[in-house]
Amino acid sequence: MGTCVRVRREAGWQRTTSGGVAPSFVFLQLYHNMSTHPISPPVPGEAAAALNPLTERPLKVSGVQHERTIKNLDLVPPLETYKIGVLYVGPGQQDNEVAILKNEYGSVRYAEFLRQLGTLVPLEGCDEPTLFLNLEKGGKDGRYAYVWHDDIMQVCRAPRPTARAPPPHRVHCLRSQVLFHVATAMPSCAKDPSCNEKRKYIGNDYVSIVYNHSGADFNILTIKGQLNFCIVLVEPMEHGMNRVFVKTKDERLRTEFLAHMDAHAVSDANVALLARQLAVHCAQLASLISQSLKMGAAPFASNSLERLRLIKRLRRRLEAERLAAAASAPAPYAAAPDRQRRAAADDFNDYT
1 MGTCVRVRRE
11 AGWQRTTSGG
21 VAPSFVFLQL
31 YHNMSTHPIS
41 PPVPGEAAAA
51 LNPLTERPLK
61 VSGVQHERTI
71 KNLDLVPPLE
81 TYKIGVLYVG
91 PGQQDNEVAI
101 LKNEYGSVRY
111 AEFLRQLGTL
121 VPLEGCDEPT
131 LFLNLEKGGK
141 DGRYAYVWHD
151 DIMQVCRAPR
161 PTARAPPPHR
171 VHCLRSQVLF
181 HVATAMPSCA
191 KDPSCNEKRK
201 YIGNDYVSIV
211 YNHSGADFNI
221 LTIKGQLNFC
231 IVLVEPMEHG
241 MNRVFVKTKD
251 ERLRTEFLAH
261 MDAHAVSDAN
271 VALLARQLAV
281 HCAQLASLIS
291 QSLKMGAAPF
301 ASNSLERLRL
311 IKRLRRRLEA
321 ERLAAAASAP
331 APYAAAPDRQ
341 RRAAADDFND
351 YT
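Each residue of the sequence shown is one higher than the one before, counting from 1 in the UniProt record's numbering.
Here it is as structure tokens:
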């Protein structure tokens, strides 16, 4: 499936597409294999002519318990979501967590670095089911967010509200999304001298990008948080160059899994791209490790695969209730060999 980008300019809406969904594709998802196998005997009271004589006909979802399952399905995003913090470290702030979190702006090069990360979108009126921003509206976490995406990825970050706001943009994507929690973009509050509101986001991110303009070494333990897995350090140098490298709390993870052991010298024009890609790689690894620890021996499952499992589980319950309501036990029917082989497999092979 392709992606669609809709941008609202001052002159009106401008729509560009890098692909689309053909009607035949939608039909395929709904009726992809409904013409191969006969179904089990009908439920008493149902007219045989009204039944679709096929295996995978749509099933009606009724009942409070099943409706609750549908609502819980909406809690699992249809795309991969990651959260990445962004911090600016000014001169003399390398060991001062509160000063770093209180920064409301950075250098000119830092501002250009942020600009290259994405496209501006307003928090108010955004398509929440599509963007999954996870930021509070009403100005508490800012009024705008930045979104970066390509064909398979989408990245968001929240900037500080300004009087002259640029034209809002709206970007839609289908596969994955990364939310940037930018400390300089979130407003500071006099009632929160320790910046706990900012820390609740950045301190709970697995990965952070640190733009270190202090000229001193930055300690990964400076920002307190139990989930800080690693940081991507960006150190600006002379002649428009930057030093980019990765730091982790556990050095073994960096050497054995990330394989990003060397520092890179990158120009200002490309530093945002490299830092973003390194942060995404680290976030993916952190997400995999975290889910593996929670699930034990169970394999890692993406959000899309987890949604497929929930849908299959709901269908099995509906089919079991339907068979239980039948007057007699259903006669067994033979499925295709290929379907029998993949009956227990969780994949999308039958849906493409």
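All residues carry an ideal CB built from backbone N, CA and C; glycine is no exception.
Since the structure is predicted, the reported quantities are computational estimates derived from the model, not experimental observations.
Inset, instruction - Using only the heavy atoms of the ligand SAM, determine whether one of them is closer than 7 Å to the beta carbon of C195. - result: Inclusion of the ligand SAM in the displayed structure is not the case, the ligand content being empty and no account of it being possible.
Legend entry - Best match in I311, L87, Q65, I220 for proximity to M186 [C-alpha to C-alpha]: If you compare the alpha carbons of I311, L87, Q65, I220 with that of M186, the shortest gap goes to L87.
Inset, instruction - Please report how far the alpha carbon of K102 lies from the alpha carbon of S188, in whole angstroms. - result: Those two C-alpha atoms are separated by around 6 Å.
Inset, instruction - Using alpha carbons as the reference points, say which of H66, A145, I223, E256 lies closest to N196. - result: Per the Cα distances, I223.
Legend entry - Nearest-angstrom Cα separation, counted from A320 out to A183: If I take the Cα positions, the gap works out to 51 Å.
Inset, instruction - Go ahead and pull the three-state DSSP assignment for Y211. - result: Three-state DSSP puts Y211 in a strand.
Legend entry - V244 versus I231 - alpha carbon distance: Cα atoms of V244 and I231: separation of roughly 11 Å, rounded to the nearest angstrom.
Legend entry - S194 versus P23, A99, K294, E67, residue with shortest Cα-Cα distance: Comparing Cα-Cα distances from S194 to each of P23, A99, K294, E67, the minimum goes to A99.
Legend entry - Closest by C-alpha distance to G139, when choosing among E124, V147, W148, Y146: It is E124 whose Cα lies nearest to the Cα of G139.
Legend entry - Within 8 Å, strictly: CB atoms of K247 and I220: Yes, these two residues count as a Cβ contact at 8 Å.
Legend entry - CA nearest to the CA of L59, picked from L314, A324, A325, A326: It is L314 whose Cα lies nearest to the Cα of L59.
Inset, instruction - Return the residue from the list L227, V178, L120 that minimises the CA-CA distance to K249. - result: Residue L227 is the option with its Cα nearest to K249.
Inset, instruction - Give the straight-line distance between the Cα atoms of Q116 and R109, rounded to the nearest whole angstrom. - result: When rounded, the distance between both Cα atoms is 11 Å.
Inset, instruction - Starting from the Cα of A269, find the closest Cα among F113, K200, V121, G225 and give me that residue. - result: Closest option to A269, Cα to Cα, is F113.
Inset, instruction - May I ask which residues mark the beginning and end of the beta strand (DSSP E) holding I61? - result: Per the sequence shown, the amino acid found at residue 61 is Val instead of Ile. Taken as a continuous stretch (DSSP letters only), V61 belongs to no beta strand (DSSP E), as it is neither H nor E.
Inset, instruction - Please go through the same chain and pick out, in chain order, the residues whose beta-carbon is closer than 6 Å to the beta-carbon of P91, but skip the five residues on each side of it. - result: Once the five neighbours on either side are set aside, the close Cβ partners of P91 are S214.
Inset, instruction - Could you name the residues that DSSP lists as bridge partners for H66? - result: Looking at the DSSP output, H66 shares a beta bridge with no other residue.
Legend entry - Outcome for K200 when other beta-carbon atoms lying within 10 angstroms are tallied against a minimum of 16: When all chains shown are included, K200 counts as exposed.
Inset, instruction - Quick one: which unbroken alpha helix (DSSP H) runs of 4-plus residues sit fully inside the region 180–204? Chain order, please. - result: Listed in chain order, the complete alpha helix (DSSP H) runs (minimum 4 residues) inside the region 180–204 are 196–202.
Legend entry - Between the CA atoms of I209 and A265 - distance to the nearest angstrom: Roughly 16 Å between the two C-alpha positions.
Inset, instruction - In the DSSP assignment, find the unbroken alpha helix (DSSP H) run with N303 in it and report its ends. - result: Start and end: 303–324.
Inset, instruction - Verify whether the separation of the beta carbon atoms of Q94 and D217 is less than 8 Å. - result: It is a contact, given that the beta carbons lie within the stated cut-off.
Inset, instruction - Return helix, strand or coil for T255, following the three-state DSSP convention. - result: In the three-state reduction of the DSSP assignment, T255 falls in the helix class.
Inset, instruction - Taking all protein chains shown into account, decide if H239 is buried (16 or more other Cβ within 10 angstroms of its Cβ) or exposed. - result: Its Cβ having fewer than 16 others within 10 Å, H239 is exposed.
Legend entry - Limits of the unbroken beta strand (DSSP E) element including L120: 119–122 is the extent of the beta strand (DSSP E) around L120.
Inset, instruction - Classify R309 as buried or exposed, calling it buried when 16 or more other Cβ atoms lie within 10 Å of its own Cβ. - result: The Cβ neighbour count for R309, taken over all protein chains shown within 10 Å, is under 16; the residue is labelled exposed.
Inset, instruction - Check P23 in the structure and name its three-state DSSP category. - result: Helix at P23.
Inset, instruction - Specify the secondary structure class of residue 406 as computed by DSSP and reduced to three states. - result: Here the chain has residues from 1 to 352 only, and residue 406 is not among them.
Legend entry - Three-state secondary structure assigned by DSSP to S35: Confidence is the limiting factor: at S35 the pLDDT is only 48, short of 50, which leaves the residue's position unreliable, though a coordinate-based value still follows. The three-state secondary structure of S35, taken from DSSP, is coil.
Inset, instruction - Output the distance between the C-alpha atoms of S302 and V76, rounded to the nearest integer angstrom. - result: Within the model, the alpha-carbon separation for S302 versus V76 is close to 10 Å.
Inset, instruction - Check E238 in the structure and name its three-state DSSP category. - result: Of the three classes helix, strand and coil, the one that applies to E238 here is coil, per DSSP.
Inset, instruction - Pick out whichever of D192, K312, G225, I202 has its Cα sitting closest to the Cα of I84. - result: Answer by Cα proximity: I202.
Inset, instruction - Pick out whichever of A259, L233, K191 has its Cα sitting closest to the Cα of Y211. - result: Answer by Cα proximity: L233.
Inset, instruction - Return yes when the Cβ of P78 is within less than 8 Å of the Cβ of A322, no when it is not. - result: In the sequence as displayed, the identity of residue 322 is Arg instead of Ala. It is not a contact, given that the beta carbons lie outside the stated cut-off.
Legend entry - Close beta carbons around S304, own chain, < 7 Å, minus the five adjacent residues each side: So the list reads P78, once near-sequence residues are dropped.
Inset, instruction - Could you tell me which residues DSSP puts in a beta bridge with L87? - result: Residue pairing by DSSP puts L87 in a beta bridge opposite V210.
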